[in-house]
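Asks:
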Amino acid sequence: MAQPETASLSYLLLDVAGTPCALPRSAAGEVLPLPDLFRPPAAGGWLAGFLNLGGDPVPVVDLARLLGLREGAHDPGPYAHLILTPDAAGAWLVDRVTDLVTIEPEAIRPVAAQASLNGCVSAEIAQGDRLIHALDPERLLGAEERARVGALTRAAKARLAALPAA
Numbered sequence: 487m488a489q490p491e492t493a494s495l496s497y498l499l500l501d502v503a504g505t506p507c508a509l510p511r512s513a514a515g516e517v518l519p520l521p522d523l524f525r526p527p528a529a530g531g532w533l534a535g536f537l538n539l540g541g542d543p544v545p546v547v548d549l550a551r552l553l554g555l556r557e558g559a560h561d562p563g564p565y566a567h568l569i570l571t572p573d574a575a576g577a578w579l580v581d582r583v584t585d586l587v588t589i590e591p592e593a594i595r596p597v598a599a600q601a602s603l604n605g606c607v608s609a610e611i612a613q614g615d616r617l618i619h620a621l622d623p624e625r626l627l628g629a630e631e632r633a634r635v636g637a638l639t640r641a642a643k644a645r646l647a648a649l650p651a652a
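Take 487 as the starting number for the sequence shown in our numbering and just add one per residue.
(1) Cβ atoms of Ala513 and Asp581: under 8 angstroms apart, would you say?
(2) What three-state label does DSSP hand Glu590 in the structure shown?
(3) So is Gln489 buried or exposed if we call it buried at 16+ other beta carbons inside 10 Å?
(4) With Ala633 as the anchor, note down where its alpha helix (DSSP H) starts and where it stops.
(5) Given a cut-off of 8 angstroms on the beta-carbon distance, is the pair Val546 and Leu523 in contact?
(6) Check the DSSP bridge columns for Thr584 and list the partner residues they point to.
(7) By the 10 Å Cβ neighbour count, where 16 or more other Cβ atoms means buried, how is Arg551 classified, buried or exposed?
(8) If you measure between the beta carbons of Val544 and Leu533, is that distance less than 8 angstroms?
(9) Who does Trp578 pair with in a DSSP beta bridge?
(10) Run the CB neighbour count on Leu649, radius 10 Å, all protein chains shown included, and call it buried at 16 or more, exposed below.
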């Protein structure tokens with residue numbers, strides 16, 4: 487059974503289609519308001535599009551669609567956020583980042599890897615009378631999904647490189 491991250495007990499609390507979730511603070515490089523995204527024709531499903539970050543396309547994954555919490559097209563609300571990975575190589579789209587909190591170790595209950603798809607829920611965090619799903623960012627995408635997103639990212643980068651500089 488995978489143990490939740492214990493080196494840092496700081497978590498970003500998220501609203502993902504009305505489901506309370508959390509990401510370890512160490513998994514977030516930056517939290518941004520939702521900008522306009524480039525959506526190539528080949529993108530779809532849970533790939534929300536690409537963020538142009540200084541000329542580099544950054545794939546944006548819609549966590550609600552990835553986790554099966556929302557189906558079909560959805561216009562993000564006014565409070566939607568992007569959570570950039572620490573290396574800015576990817577981003578997670580959430581309905582809202584609600585807080586940054588420090589969690590006491592005794593409030594974190596490990597979840598068996600087989601209890602969620604690819605073990606993406608590593609723990610449950612007890613906060614008051616509710617349980618929050620602590621997500622393991624390394625397990626949110628499988629190897630094949632990462633490979634396909636990588637291929638689409640390379641194609642988006644080539645498309646941008648073919649245009650004259652602004």
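All C-beta atoms in this analysis are idealised placements derived from N, C-alpha and C, irrespective of residue type, glycine included.
Replies: Short version:
(1) Within the sequence shown, residue 581 is the residue found at index 95, counting from 1. Within the sequence shown, residue 513 is the residue found at index 27, counting from 1. The answer is no: Cβ separation not under 8 angstroms.
(2) Reading the sequence shown from its first residue, position 104 is the one you call residue 590. Reduced to three states, the DSSP call for Glu590 is coil.
(3) Translated into the one-based positions of the sequence shown, residue 489 becomes position 3. Note on Gln489: pLDDT 48, under 50, position unreliable in the model; no value is reported.
(4) For the purposes of this step, residue 633 is taken as the residue at position 147 of the sequence shown. Unbroken alpha helix (DSSP H) run through Ala633: Ala629 to Ala647.
(5) Mapped onto the sequence shown, residue 546 falls at position 60. Mapped onto the sequence shown, residue 523 falls at position 37. Contact flag set, yes.
(6) As a position in the sequence shown, residue 584 is number 98, starting the count at 1. Partner(s): none; Thr584 has no beta bridge.
(7) The sequence position of residue 551 within the sequence shown is 65, counting from 1. Classification for Arg551: buried.
(8) For the purposes of this step, residue 544 is identified with residue 58 of the sequence shown, where counting begins at 1. For the purposes of this step, residue 533 is identified with residue 47 of the sequence shown, where counting begins at 1. No.
(9) By 1-based counting over the sequence shown, the position of residue 578 is 92. Answer is Val547 and Ile569, bridged to Trp578.
(10) The residue labelled residue 649 in the question sits at position 163 within the sequence shown. With fewer than 16 other Cβ atoms within 10 Å, it is exposed.
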